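As given, the protein sequences belong to chains Y and X, one line each in that order. According to the numbering used here, the first sequence is numbered sequentially starting from 1. According to the numbering used here, the second sequence is numbered sequentially starting from 1. In this text, a Cβ means the ideal position worked out from N, Cα and C, and glycines have one as well. Quick caveat: nothing in here was measured; it's all calculated off a predicted structure. To keep things clear, I will list the structure first and then write my remarks on it.
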Amino acid sequence: MANDEPANHGSARSRDGPLAVQSRLAPTEFRLPGLDCAFTRLLGPLPMHRAQVTRAQWRAACSVVRSLGGRLVTIWGIDRRTSAGHFAVAVAYALNSGLVWLDLPLTDDDPTSYPDLTATFACAGRLQRAVADLSGLNASGAADARPWLRHAAWPEDYFPLRREPSGRERFEALDESYPFVTVTGDGVHEIAVGPVHAGIIEPGHFRFSVVGERVLRLEQRLGYTHKGIEKRLEGMSLAQGARLAARVSGDSTVAYSWAYCCATETLCATEAPLRAQWLRAMALERERIANHLGDLGALGNDAAFAFGLAQFWRLREAWQRRSAELVGHRLMMDWIVPGGVASDLAPQALHIASEDCQALEAQVRLLESIYDAHAGVQDRFVGTGRVDAQLARQLNLTGMAARASGVGTDLRADFASIPYEALQVRKVQANEGDVAARVAVRFGEIYESLRLIRKLAQELPAGPTMADLPVPQSRGCAAGWVEAWRGEVLVTIELDERGLIARAHCHDPSWQNWPALEHAVIDNIVPDFPLINKSFNLSYSGQDL
Amino acid sequence: MPWRMLRPIVRVGILTEPPPQPLAPQSPAGGKDEAEQRAIREEFMSIFGPALAIRQVDPGTCNGCGLEMHALNNLYYNIEGLGIKFVVGPRHADLLLVTGPVSAHMDTALRRTYEAMPAPKLVVAVGECGCNGGVFGESYASRGRVADLLPVDVEVRGCPPAPGTG
Chain Y
1 MANDEPANHG SARSRDGPLA VQSRLAPTEF RLPGLDCAFT RLLGPLPMHR AQVTRAQWRA
61 ACSVVRSLGG RLVTIWGIDR RTSAGHFAVA VAYALNSGLV WLDLPLTDDD PTSYPDLTAT
121 FACAGRLQRA VADLSGLNAS GAADARPWLR HAAWPEDYFP LRREPSGRER FEALDESYPF
181 VTVTGDGVHE IAVGPVHAGI IEPGHFRFSV VGERVLRLEQ RLGYTHKGIE KRLEGMSLAQ
241 GARLAARVSG DSTVAYSWAY CCATETLCAT EAPLRAQWLR AMALERERIA NHLGDLGALG
301 NDAAFAFGLA QFWRLREAWQ RRSAELVGHR LMMDWIVPGG VASDLAPQAL HIASEDCQAL
361 EAQVRLLESI YDAHAGVQDR FVGTGRVDAQ LARQLNLTGM AARASGVGTD LRADFASIPY
421 EALQVRKVQA NEGDVAARVA VRFGEIYESL RLIRKLAQEL PAGPTMADLP VPQSRGCAAG
481 WVEAWRGEVL VTIELDERGL IARAHCHDPS WQNWPALEHA VIDNIVPDFP LINKSFNLSY
541 SGQDL
Chain X
1 MPWRMLRPIV RVGILTEPPP QPLAPQSPAG GKDEAEQRAI REEFMSIFGP ALAIRQVDPG
61 TCNGCGLEMH ALNNLYYNIE GLGIKFVVGP RHADLLLVTG PVSAHMDTAL RRTYEAMPAP
121 KLVVAVGECG CNGGVFGESY ASRGRVADLL PVDVEVRGCP PAPGTG
C-alpha cells in the first residue's frame with residue numbers, strides 16, 4: 001500500500017451488540033475516486049467495502065487501485081444463475097482504506113467472460129486462469145490462457161464450481177503435456193523437478209532453464225494438491241465448513257480459522273466476545289512463531305549448518321508441546337471456532353504462556369547472534385534470491401516476504417482492529433529483499449510476537465469465550481481478512497436463501513508470492529534454490545485448494 | 001564462535017526420549033499362529049529395525065501432516081537414532097509413507113513412486129485423510145484414502161497424528 005492515502009484508523013466493528021443484518025449492509029460514504037458506484041460496508045474487524053460494478057468500472061477500478069498504490073488480493077468466479085440468472089466474477093483489492101470487494105455480474109451478451117486485469121496487475125494471471133478452470137469464466141484478451149489448477153484429471157469442459165456438477169464425479173486421469181515456456185541457446189538445458197520432491201515437501205513442479213549452474217528461468221507448475229475444497233464447502237452449513245476452512249493450509253490453520261470465523265460471525269449478526277478475540281490473537285502469534293522457528297532451522301540446514309536445524313527444531317517442538325497443553329492441539333487446529341474459542345485459558349496457563357516467551361526470546365537471540373557471526377551461513381544468505389522493492393510492488397508481493405523487500409504492509413499494524421489496536425504492533429521491515437533480509441524479518445517478528453503474547457496474556461480481558469451463534473436463514477455475504485504468518489489470508493462467504501454456503505472462496509498469500517520466487521532465483525545458482533524457496537516457504541495446498 | 005555454539009549444545013544436553021514400545025501381538029488365541037507371528041515380527045525387526053528407509057509422499061495434504069513428519073527428525077524423537085531414515089528417492093526405500101488424501105492430480109505420481117520401490121515394500125497411510133479421506137473426502141479432485149490405490153499395511157490416524165503416535 002502506498003503512503004499517500006490516509007490510513008483508516010477507525011475501528012470497524014460496532015461494539016453495541018448484534019445488529020440486524022440489514023443495517024450491517026447499509027450504504028456508506030466510502031468511494032473510489034472517479035468511480036461512480038455505491039459501496040456497502042461489510043462488517044468485521046477490518047474495514048471492508050463491497051460494490052457492484054459494470055465492465056467499464058471493473059477496468060477503471062483496477063487502474064484507480066493501482067494509482068492509489070493498492071494491491072490485488074484475489075479474483076474468484078461465482079455461479080449465481082439460480083438466484084440471479086447469471087455468472088459473476090469478483091475481485092478483492094487492498095487499499096490503505098481497507099479491503100474493496102467488487103462484483104461484476106456477467107449479464108449482457110457475453111455471459112462467460114470478463115475484462116482481463118493482467119495489464120495492470122501481473123498477479124491476476126494465475127488467479128484468472130484458476131477462475132477459467134474452476135468456473136469456466138474467461139478473462140478476455142489475457143495473453144496466457146493455459147490451464148492452471150486443472151491438469152488432466154478432469155475434462156476441459158467440466159467446471160466444478162458451476163451449479164450442474166455435484167463435485168462427486170470421477171474421471172480417469174489422463175497423461176498430459178503442459179506447454180512450458182522453453183529457453184533456447186548455446187548450452188541451455190532444462191532441469192525438471194517434481195511433483196514428488198526429494199524430501200518431506202508438498203508436491204509441485206519446477207522447470208529450470210539453466211546454463212551450467214546459473215538459473216536463466218524458472219517456471220512453476222502448481223495445482224497438484226487441488227482437492228476441491230471450494231466445491232466441497234458448497235451446501236455446507238457455516239458450522240460444518242469450519243473444519244474444512246481450518247485445513248486449507250495446515251501451517252496457517254489458526255489464520256484460516258480466524259478469517260472464516262470473522263465472516264461467519266458477521267453472517268450470524270454476532271461477534272466473538274472480547275476475551276475470545278484476544279485469545280485468537282495469542283494463537284495467531286503462536287502460529288507465527290512456530291513457523292518462523294521451523295523455517296529458520298531449515299534455512300540453517302539448507303546452508304549446511306545442521307546446528308541451526310537441531311536448535312530451532314527443538315525450540316519449535318517445545319513450543320508445539322506447549323500449544324497442545326494450552327489448547328489441546330499441537331498446531332492449534334479447530335480451537336478457533338465460530339462464536340469464539342473452544343476452550344478458555346486458566347490464569348496458570350496464561351502465566352506459563354507468558355513465562356515461556358521470556359525463555360524463548362533469550363534462546364532465539366543467542367541463535368541469531370550465532371547465525372549473524374557465521375561466515376558460511378552469511379555467505380549463503382546475503383545477496384541470494386533478491387526481490388527489490390520495485391519488483392515487490394509490481395508483483396504485489398505480500399506479507400513477511402514483502403516486508404523484507406521494503407514494502408511494509410501488515411494488517412495488524414495498518415488497521416485498528418481488536419485486539420491489535422491496544423498492542424501497537426511494530427512492523428518489522430528490511431530493505432534488501434534477499435534471503436538474509438527474510439531471515440532478519442523472521443527473527444524480528446519472533447521477538448515482536450513474543451512481546452504481543454506477553455501483553456495479551458497479561459492484559460487479557462475477563463469474560464466469556466463463546467458467543468451464541470444464531471443460525472442464519474437467509475442470503476448474505478461476508479469476508480474475513482487476517483494477517484497470517486506468511487501474509488494476508490482472505491475468506492469470503494456467500495450464503496444461499498437457506499443460510500447454507502453458496503460460495504466460499506479462500507485466498508492464500510502464496511498466490512502473490514509464488515511468482516516472485518520465479519523472479520528471485522534468476523541469476524542464482526541451482527543449489528541456492530532450496531534456500532531461496534525455504535526463505536519464502538510458500539503453501540502449495542493454500543494456493544491449489 | 002565455537003564456544004557460543006557449544007553453550008546451547010551443552011546446556012540442552014540430550015533431549016531424546018525413549019521410543020514408544022511396540023504393541024503386543026494382537027492374535028486372539030495363542031499357539032501356532034502367535035508363535036509364527038512373533039517369529040515374523042522378530043525377523044522383520046532384525047532386518048528392518050535398525051535400518052528402515054522411508055520415502056514420504058504427500059499427494060495432497062493440507063501440509064499439517066508434513067510438519068509433524070518433520071518433527072520426527074527433531075532431537076526429541078530423533079528417529080534417525082533408531083535407524084529409521086527419510087530418504088530422497090523411491091529406489092532405496094523400504095517403506096512408502098503417504099500423508100493426505102490422494103488428489104486426482106497426484107494419482108499417477110503416487111503410483112509411479114510405489115512402482116519404483118524395490119520389493120518387499122510396505123505402505124503406511126498417515127493422518128485422517130490418508131486413512132479415510134478426512135475432511136476432503138472423495139470428489140472430482142480427490143481420490144480419498146490411500147488404501148483405494150495402494151496396498152496399505154498400516155494406518156496411523158490423527159489430524160495430524162502427533163509424532164510418536166503409532
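Query raised in the report: Which partner residues does P115 of chain Y have in the DSSP bridge list?
Result: Position 115 of the first sequence, counted from the start, is the residue given in the question as residue 115 of chain Y. DSSP output for P115 of chain Y lists Y:S140 as bridge partner(s).
Query - Residues from the region 103–120 of chain X in contact with chain Y, defined by Cβ distance under 9 Å - result: S103, A104, H105, M106, D107, T108, A109, L110, R112, T113
Query raised in the report: Taking 7 Å as the CB-CB cut-off, is F307 of chain Y touching chain X?
Result: Here residue 307 of chain Y is taken as the residue at index 307 of the first sequence, counted from 1. Yes, contact with chain X.
**Report entry** Selection of the region 218–249 of chain Y by Cβ proximity to chain X, strictly under 8 Å
**Finding:** G223, Y224, T225, H226, K227, G228, I229, K231, R232, R243, L244, R247, V248, S249
Query - Residues near C123 of chain Y in its chain [Cβ-Cβ closer than 8 Å; skip 5 each side] - result: If you number the first sequence from 1, residue 123 of chain Y lands on position 123. Counting only Cβ-Cβ distances below 8 Å, and skipping sequence neighbours, we find L72, L395, N396, W511, Q512, P515.
Query raised in the report: In the region 39–71 of chain X, which residues sit with their C-beta less than 8 Å from some C-beta in chain Y, listed in chain order?
Result: For the region 39–71 of chain X, which is checked against every Cβ of chain Y, the residues closer than 8 Å are Q56, V57, D58, P59, G60, T61, C62, N63, G64, C65, G66, L67, E68, M69, H70, A71.
Requested in this report: Given a cut-off of 7 Å, decide if R214 of chain Y and A303 of chain Y are closer than it, judged by their beta-carbon atoms.
Outcome: Against the first sequence, residue 303 of chain Y aligns to sequence position 303. Against the first sequence, residue 214 of chain Y aligns to sequence position 214. Result no, Cβ atoms of A303 of chain Y and R214 of chain Y do not sit closer than 7 Å.
Query raised in the report: Quick one: is V425 of chain Y near chain X, going by C-beta distance under 7 Å?
Result: Sequence index remark: in the first sequence, residue 425 of chain Y carries index 425 (1-based). So no, V425 of chain Y is outside the interface.
Report task. Could you check if D251 of chain Y is buried or exposed, using at least 16 other CB atoms within 10 Å of its CB as the buried criterion? Result -> Position 251 of the first sequence holds residue 251 of chain Y. Buried, because 16 or more other Cβ atoms sit within 10 Å of the Cβ of D251 of chain Y.
Report task. With 7 Å as the threshold, decide whether the Cβ of V196 of chain Y is near any Cβ in chain X. Result -> Within the first sequence, the letter at position 196 stands for residue 196 of chain Y. Yes, because at least one Cβ of chain X sits closer than 7 Å to the Cβ of V196 of chain Y.
**Report entry** chain Y contact for L75 of chain X (CB, 7 Å cutoff)
**Finding:** Looking up residue 75 of chain X in the second sequence gives position 75. Closer than 7 Å: yes.
Report task. Would you mind stating whether I522 of chain Y and M282 of chain Y have Cβ atoms separated by less than 7 Å? Result -> Residue mapping note: residue 522 of chain Y aligns to position 522 of the first sequence, counting from 1. Residue mapping note: residue 282 of chain Y aligns to position 282 of the first sequence, counting from 1. The answer is no: Cβ separation not under 7 Å.
Query raised in the report: Which stretch, first to last residue, makes up the alpha helix (DSSP H) that contains K534 of chain Y?
Result: Within the first sequence, the letter at position 534 stands for residue 534 of chain Y. K534 of chain Y -> alpha helix (DSSP H) spans 529–536.
Report task. Inspect the beta-carbon positions of V482 of chain Y and V471 of chain Y and report whether they are closer than 7 Å. Result -> Within the first sequence, numbered from 1, the residue matching residue 482 of chain Y stands at position 482. Within the first sequence, numbered from 1, the residue matching residue 471 of chain Y stands at position 471. Their beta carbons are not under 7 Å apart, which means V482 of chain Y does not touch V471 of chain Y by this criterion.
**Report entry** Enclosing alpha helix (DSSP H) for D302 of chain Y [first to last residue]
**Finding:** As a position in the first sequence, residue 302 of chain Y is number 302, starting the count at 1. Residues 274–302.
Report task. Report yes if the C-beta distance between G444 of chain Y and Q473 of chain Y is below 7 Å; otherwise report no. Result -> Position 444 of the first sequence, counting from 1, holds the residue named residue 444 of chain Y. Position 473 of the first sequence, counting from 1, holds the residue named residue 473 of chain Y. Cβ atoms of G444 of chain Y and Q473 of chain Y: not closer than 7 Å.
Query raised in the report: Does the beta carbon of A153 of chain Y sit closer than 7 Å to a beta carbon anywhere in chain X?
Result: In the first sequence, counting from the first residue as 1, residue 153 of chain Y sits at position 153. Yes, its Cβ sits closer than 7 Å to a Cβ of chain X.
Query - Validate contact between the region 400–416 of chain Y and the region 430–445 of chain Y using beta carbons, cut 8 Å, 3 pairs - result: yes
Query raised in the report: Are any of the Cβ atoms in chain X nearer than 7 Å to that of E483 of chain Y?
Result: What you label residue 483 of chain Y is simply residue 483 of the first sequence in a count that begins at 1. Chain X contact via Cβ: absent.
**Report entry** Cα-Cα separation, L456 of chain Y to A53 of chain X
**Finding:** Taking the first sequence and counting its residues from 1, the one referred to as residue 456 of chain Y is at position 456. Taking the second sequence and counting its residues from 1, the one referred to as residue 53 of chain X is at position 53. Using only the alpha carbons, I get a separation of about 45 Å.
Query raised in the report: Going by C-alpha distance, which of Y:E361, Y:G408, Y:K231 is nearest D544 of chain Y?
Result: Stepping through the first sequence from its first residue, residue 544 of chain Y is reached at position 544. The shortest C-alpha separation from D544 of chain Y is found at Y:K231.
Query raised in the report: Curious, which full-length alpha helix (DSSP H) runs of at least 4 residues does the region 404–464 of chain Y contain?
Result: 411–414, 435–458
Query raised in the report: For W313 of chain Y and chain X, any beta-carbon pair shorter than 7 Å?
Result: Position 313 of the first sequence, counted from the start, is the residue given in the question as residue 313 of chain Y. Interface residue, yes.
Report task. Measure the Cβ-Cβ separation of L161 of chain Y and F87 of chain Y and say whether it is below 7 Å. Result -> On the first sequence, position 161 is the one that residue 161 of chain Y refers to. On the first sequence, position 87 is the one that residue 87 of chain Y refers to. Against a cut-off of 7 Å, the Cβ pair of F87 of chain Y and L161 of chain Y comes out as no contact.
Requested in this report: Using three-state DSSP, classify Q543 of chain Y as helix, strand or coil.
Outcome: Here residue 543 of chain Y refers to the residue found at position 543 when the first sequence is read from its first residue. In the structure shown, Q543 of chain Y sits in a helix (DSSP, three-state: H, G or I).
Requested in this report: Using a Cβ-Cβ cut-off of less than 7 Å, give me the residues of the region 120–136 of chain X that come near chain Y, in sequence order.
Outcome: V135, F136
Requested in this report: Could you say which of X:E42, X:N73, X:T61, X:R38 lies nearest to R316 of chain Y if we only look at CA atoms?
Outcome: Indexing the first sequence from 1 puts residue 316 of chain Y at position 316. The option with the nearest alpha carbon to R316 of chain Y is X:N73.
Query raised in the report: Under a CB-based cut-off of 7 Å, is P8 of chain X close to chain Y?
Result: Taking the second sequence and counting its residues from 1, one reaches residue 8 of chain X at position 8. At least one chain Y Cβ lies under 7 Å of P8 of chain X.
Query raised in the report: Is the CB of R91 of chain X under 7 Å away from at least one CB in chain Y?
Result: What you label residue 91 of chain X is simply residue 91 of the second sequence in a count that begins at 1. No - not a single Cβ of chain Y is within 7 Å of the one on R91 of chain X.
Query raised in the report: With burial defined as no fewer than 16 other Cβ atoms inside 10 Å of the residue's Cβ, what is the status of H351 of chain Y: buried or exposed?
Result: As a first step, residue 351 of chain Y must be located in the first sequence, where it is residue number 351. By the 10 Å Cβ count, H351 of chain Y comes out exposed.
Query raised in the report: Excluding the five sequence neighbours on either side, which residues of its own chain have a C-beta within less than 6 Å of the C-beta of L460 of chain Y, listed in chain order?
Result: Start at 1 with the first residue of the first sequence, and residue 460 of chain Y comes out as number 460. Only W278 meet the Cβ criterion.
Query raised in the report: What does a CB cutoff of less than 6 Å around E5 of chain Y pick up in its chain, not counting 5 residues either side in sequence?
Result: Counting from 1 along the first sequence, the entry for residue 5 of chain Y is found at position 5. Residue placement at E5 of chain Y is poorly supported in this model, since its pLDDT is 38, which falls under 50; the coordinates still yield a value, given next. Within the same chain, E5 of chain Y has close Cβ partners L68, N96.
**Report entry** Contact with chain X by E317 of chain Y, beta-carbon distance below 7 Å
**Finding:** Here residue 317 of chain Y corresponds to residue number 317 of the first sequence, with the count starting at 1. Interface residue, yes.
**Report entry** alpha helix (DSSP H) segment containing W58 of chain Y, residue limits
**Finding:** Taking the first sequence and counting its residues from 1, the one referred to as residue 58 of chain Y is at position 58. 55–67 is the extent of the alpha helix (DSSP H) around W58 of chain Y.
Query raised in the report: With 7 Å set as the bound, which would you pick, yes or no: does the beta-carbon of E202 of chain Y sit closer than that to a beta-carbon of chain X?
Result: As a first step, residue 202 of chain Y is located in the first sequence; it is residue number 202 there, counting from the start. So, interface residue.
Report task. Enumerate in chain order the residues of its own chain whose CB-to-CB distance from V57 of chain X is below 7 Å, with the five nearest sequence positions on each side excluded. Result -> As a working mapping, residue 57 of chain X is identified with position 57 in the second sequence. Within the same chain, V57 of chain X has close Cβ partners L96, V98, L110, T113.
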